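J.: The structure is given below, and queries will be raised subsequently.
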Amino acid sequence: MKQGSDKNSSSANTALEQWRKQVLRKKKIKNARTLVRISLATMAAAVFAVLFLMPIVLTITNSFMSASEISANYGQVFATTDSGGKMYISEKVNLKFIPDMVSFSQYITVLLKSPEYLLKFWNSVILVVPIVGFQLLVAAGAAFGFTRYRGRVKEMIFFIYIILMLMPYQVTLVPNYLVSKWLHVLDTNWAIWLPGIFSPFAVYLLTKYMRRIPVSMMEAAQIDGAGEWQIFRKICMPLCKGAMCSIAILIFIDYWNMVEQPLILLSDAEKHPLSVFLSKINAGEIGLAFAVATIYMVPPILVFLYGEDYLVEGITYQGGIKG
């Protein structure tokens, strides 16, 4: 009996050991597959990151090249006629990421010798900053109204906001032109400001964010004697700080790169922003184009770096309450 029990226990131990080995083998295979997936995803992300960063790095480094080096690298690309007078583009391009000698001549020309570039840059600032500030102000009030006062009419209006937000700007460009002409603001900054300030984009995002704030917080404040203005200023706005900053960054980047609106609504070229003027730089000024493009990238990069934490918070933080 004792020998039989020993045999049974040894066979049970052997089976248990084999089962443990199988489990460990499956875990190793699963971990290896997971490691392969992570490695492939990381490699793909790295490749895409390099592809996206190459034009930016090329623009920045080439902006520090001298005019002669720019001509040597890109001169043949912009030759427009052959011996017979026909238009052509040479395929010979010498892309260089590191200049032979660092030169600030392009920046000196842009910042000191060509005031038109600074004028266009200032036009961009004048057009974008009021849109960001007043769009957030309007969106905050509208979002609070959609959050606090629910009803069929309010939901219908909010649904219209969603439809308008989904429409491409090209669809609403003609109505904006006609309304601007009717208001006698065509060819003025107001033709850009008004559609931007009352854009539904910020209203929609801020409403969805604000509706995640617990109603009990507002009701408790109301029981303590707080009015609507105090609830808005002391409860909703502090909790929506991250969302406001993230929306401000998105608005700034969107309108900083606008092209269609100024081209259609501003007939006076003196009022065009730098985003429009960049496309009009001719082939003989390719070195200046690199410098101007580099300067034009600085404000969005600074805004993003300043509000990076707020942007991440606005995406991951749910209405001021985690989880």
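Residue numbers (my numbering): 5 to 327.
The beta carbon of each residue, even a glycine, is placed where N, CA and C say it ideally should be.
Model, not experiment: these values are computed from the prediction.
Comparing alpha-carbon positions, which option in Leu278, Val302, Ser283 lies nearest Ser128?
T.: Minimum Cα distance to Ser128 is reached at Leu278.
J.: Determine the direct distance from the alpha carbon of Leu269 to that of Leu55, and round the result to whole angstroms.
T.: Rounded to whole angstroms, Leu55 to Leu269 spans 35 Å at the Cα level.
J.: Figure out for me which residue from His276, Leu267, Cys240, Thr298 has the closest Cα to the Cα of Ala147.
T.: For the residues His276, Leu267, Cys240, Thr298, the minimum Cα distance to Ala147 belongs to Cys240.
J.: Can you tell me whether Thr85 is buried or exposed, with buried defined as 16 or more other CB within 10 angstroms of its CB?
T.: At Thr85 the pLDDT is 46, less than 50, meaning the model places this residue with poor confidence and gives no usable figure here.
J.: Note down the Cα distance separating Ser43 from Ala53, rounded to an integer number of angstroms.
T.: About 15 Å.
J.: Give the secondary structure of Val189 by DSSP, where H, G and I count as helix, E and B as strand, and everything else as coil.
T.: Looking at Val189 - three-state DSSP - the assignment turns out to be coil, as it is neither helix nor strand.
J.: Given a threshold of 16 other Cβ atoms within 10 Å of its Cβ, counted over all protein chains shown, does Val68 qualify as buried or as exposed?
T.: The sequence given here places Phe at residue 68; Val does not occur at that position. Burial call: buried.
J.: Inspect the beta-carbon positions of Thr113 and Leu292 and report whether they are closer than 8 Å.
T.: The answer is yes: Cβ separation under 8 Å.
J.: How about the region 259-268 and the region 130-140: do they share at least three Cβ pairs that are nearer than 8 Å?
T.: Judged by Cβ distances under 8 Å, the region 259-268 makes contact with the region 130-140, as three or more pairs qualify.
J.: Just the C-alpha distance for Met248 and Gln139, rounded to the nearest angstrom, thanks.
T.: Each residue's Cα considered, the two are about 10 Å apart.
J.: In or out: Ala295 buried (at least 16 other Cβ within 10 Å) or exposed?
T.: So Ala295 counts as buried.
J.: Do His276 and Lys124 have their C-beta atoms closer together than 8 Å?
T.: Cβ atoms of His276 and Lys124: closer than 8 Å.
J.: Would Thr151 pass as a contact of Arg215 if the rule is Cβ separation under 8 Å?
T.: Yes. Within cutoff.
J.: With Met221 as the anchor, note down where its alpha helix (DSSP H) starts and where it stops.
T.: Here the alpha helix (DSSP H) through Met221 covers 219-227.
J.: Measuring alpha carbon to alpha carbon, tell me which of Pro304, Tyr300, Leu315 ends up nearest Leu115.
T.: Per the Cα distances, Tyr300.
J.: With a Cβ-Cβ cutoff of 8 Å, do Ile344 and Ile201 count as a contact?
T.: Within the shown structure, residues of the chain are numbered from 5 to 327, placing residue 344 beyond reach of any answer.
J.: Check each candidate in Ile164, Asn193, Pro59 and name the one with the smallest Cα separation from Ala273.
T.: That would be Asn193, whose Cα lies nearest to the Cα of Ala273.
J.: Can you check whether the CB of Ser184 is closer than 8 Å to the CB of Ala333?
T.: Here the chain comprises residues numbered 5 to 327, so residue 333 is not present and cannot be evaluated.
J.: Between the beta-carbon of Ile285 and the beta-carbon of Ile74, is there less than 8 Å?
T.: Not closer than 8 Å, so no.
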